[in-house]
Amino acid sequence: MEEVGGAPAVRTAAVARVVSPAVPIGQVDTRRVTARSTGVPELDRVLGGGLVPGAVVLLAGEPGVGKSTLLLDVAAKAASAEHRTLYVTGEESAGQVRLRADRIGAVHDELYLAAETDLASVLGQLDAVKPSLLVLDSVQTVASAEIDGAPGGMAQVREVAGALIRAAKERGMATLLVGHVTKDGAIAGPRLLEHLVDVVLHFEGDRHARLRLVRGVKNRYGATDEVGCFELHDQGITSLADPSGLFLTRREEPVPGTCLTVTLEGRRPLVAEVQSLTVSTQIPSPRRTTSGLETSRVSMMLAVLEQRGQITSLGKNDIYTATVGGVRLSEPAADLAVALALASAASDTPLPNNLVAIGEVGLAGEVRRVTGVQRRLAEAARLGFTHALVPADSGEAPAGMRVLEVADIGEALRVLPRGPRRSRGTDDGGGERAGSGASERVTGARR
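Going by the working numbering, the letters in the sequence shown line up with residues 24 to 470, in that order.
In structure tokens, the structure reads:
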């Protein structure tokens, strides 16, 4: 502290100017943050009801998975509802986007299209069009002339995203940004990008299959455990309110090596099919091939079956394990279905068509409880399945379904019919044929 004329100088702090005074939370106006439907039911499901004015949504996914097709459909739905929409493309020409719009029926008077890669030009388009919805494909292709570095670099992505987020908040304009992903599935660019936006969605799917999933990773306006299901086809992309049919193979006769389970994608139960095939081989190191399943968990089930289930033939065979329809099963609740599919393939004995298996299998062979068993069983019952194999103490069974409780993999294997493969036309009793050595918990099933 300095003295002036013998008196100490008093340092005063700058007085901050209050732009928006604090008010009681009950008096805050929420009309500006009410979600507006996108016109795409499955996307609304993940977003928590729709797009909130001023919200910025980042949709990330691999190239070719269908991000542009989905967002062009969203833009067209908004335009058809008289919400002026600006679609900015930095990866394609305007003519290319128009051709796709013709194919999926996305041509509307309120849908404006611009091909821009300069940030200042994009902001200028906002001033000219004054949209209520902006779609930018993609944030990595736009650059600012005031920032050094190539488009897609960390500095450029930070500047572009920051400018667009400020514009969205000031104008009350909902904004959808397309983001690229790296080889390991992470969103390209600085991690700050995910922190700045309000919603982060991951668009997933096998490019060789029809199914697409939109998974919420971050959502300031809703839950993050929701998943939207879509089907990609030549005419565009459509919502799937009941997608389980894509994951099942409809057949009249049971086939060895197949088992059905119910997985949870977010809060949504989906019935999926696990298939396995075992083939004898002469090579010293038999093949182990998986698709749609985690290789490590399949290897664990093979070890458990050999050591705890006394199925010794597995180690000498080539083994192929896959899911149907491109679905990915990563949760432990699918362990029991994987183990039964492998055992069924090894013994050439089919499981009943009307049976689903749910449960985690430990290395000691125990079958553990999983979350959401009642929700899974209800979905299976809705689709017509009459028998289920579940861990002990899993709760009450849905009406019309018989539940078989098992404590370990040995009890679970007893649902496999004994003897050679059944001939066509043989009754499949859905677990009623459990061997006489089966535990009382299995044979005395709850109703």
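Yeah, the Cβ is synthetic: ideal placement off N, Cα and C, and Gly gets one too.
Using DSSP bridges, identify the partner residues of residue i.
i: I260; result: L255
i: D132; result: The partner list for D132 (beta bridge, DSSP) is empty, contrary to what the question assumes.
i: D431; result: E389
i: T92; result: Bridge partners of T92: none, in fact.
i: F226; result: G84 and V237
i: A197; result: L156
i: N242; result: V222
i: T108; result: L134 and L156
i: R59; result: L74
i: V250; result: R238
i: L378; result: H410
i: V79; result: T198
i: L363; result: Partner(s): none; L363 has no beta bridge.
i: L352; result: L316
Contact defined as beta carbons within less than 8 Å: I believe residue i pairs with residue j. What is the distance between those atoms, to the nearest angstrom?
i: G280; j: A364; result: 6 Å
i: Y244; j: A78; result: 7 Å
i: L328; j: I432; result: 7 Å
i: D416; j: R392; result: 7 Å
i: V250; j: G195; result: At roughly 29 Å, the Cβ-Cβ gap does not stay under 8 Å, so V250 and G195 are not in contact.
i: V201; j: L94; result: 7 Å
i: P373; j: P277; result: 4 Å
i: L82; j: L199; result: 6 Å
i: M324; j: V347; result: Going by Cβ atoms, the distance from M324 to V347 rounds to 18 Å, so no, they are not a contact pair.
i: G84; j: E227; result: 7 Å
i: G62; j: K90; result: The pair is not a contact, with the Cβ atoms about 17 Å apart (cut-off 8 Å).
i: V429; j: P414; result: 7 Å
Should residue i be labelled buried (16 or more other beta-carbon atoms within 10 Å of its own) or exposed?
i: S43; result: exposed
i: S116; result: exposed
i: L149; result: buried
i: S308; result: exposed
i: T53; result: exposed
i: P64; result: exposed
i: T57; result: exposed
i: R405; result: exposed
i: S446; result: Reliability fails at S446, whose pLDDT of 38 lies under 50, so the model's placement of it is uncertain and the value that follows must be treated cautiously. Exposed, by the Cβ-count rule.
i: S370; result: buried
i: T335; result: exposed
i: R230; result: exposed
i: Q333; result: exposed
i: V390; result: buried
i: A326; result: exposed
i: Q119; result: exposed
i: A151; result: exposed
i: P86; result: exposed
i: G448; result: Any reading at G448 needs caution, since the residue's pLDDT is 38, under 50, leaving its predicted position unreliable; the model's value is listed next. Exposed, since its Cβ has fewer than 16 Cβ neighbours within 10 Å.
i: V51; result: exposed
i: R444; result: Confidence at R444 is low in this model, with a pLDDT of 46, below 50, so its placement is unreliable and the value that follows should be read with caution. R444 should be labelled exposed.
i: E275; result: exposed
i: A422; result: exposed
i: E434; result: buried
i: A264; result: exposed
i: S471; result: In this structure the chain extends from 24 to 470, so residue 471 is not present and cannot be described.
i: H256; result: exposed
If the criterion is Cβ atoms closer than 7 Å, does the pair residue i and residue j meet it?
i: T284; j: I381; result: yes
i: V302; j: C282; result: no
i: P47; j: R107; result: no
i: G395; j: L287; result: yes
i: H203; j: Q163; result: yes
i: L136; j: Y110; result: yes
i: A345; j: S314; result: yes
i: D67; j: T112; result: no
i: V237; j: V223; result: no
i: L74; j: A197; result: yes
i: V350; j: F408; result: no
i: D248; j: T304; result: no
i: L156; j: A184; result: no
i: P174; j: A168; result: no
i: S353; j: E317; result: yes
i: L215; j: R181; result: yes
i: L412; j: L427; result: yes
i: P292; j: R425; result: no
i: R130; j: A138; result: Here residue 130 turns out to be Val, not Arg, going by the sequence shown. Contact: no.
i: N376; j: H410; result: no
i: V158; j: A102; result: no
Counting only beta-carbon atoms, is residue i nearer than 7 Å to chain C?
i: A186; result: No chain C appears in this structure, which consists of one protein chain only.
Exercise. Could you give the uninterrupted runs of the beta strand (DSSP E) lying entirely in the stretch 380-429, keeping only those of 3 residues or more?
Worked result: Annotation: the stretch 380-429 contains the following complete segments of the beta strand (DSSP E) (minimum length 3 residues), in chain order: 410-414 and 425-429.
Exercise. Which full runs of the beta strand (DSSP E) of 3+ residues lie inside the stretch 272-346, going along the chain?
Worked result: 281-288, 291-303, 311-314 and 340-346
Problem set entry | Unbroken stretches of the beta strand (DSSP E), 3 residues or longer, contained in the stretch 116-165 | 134-138 and 156-160
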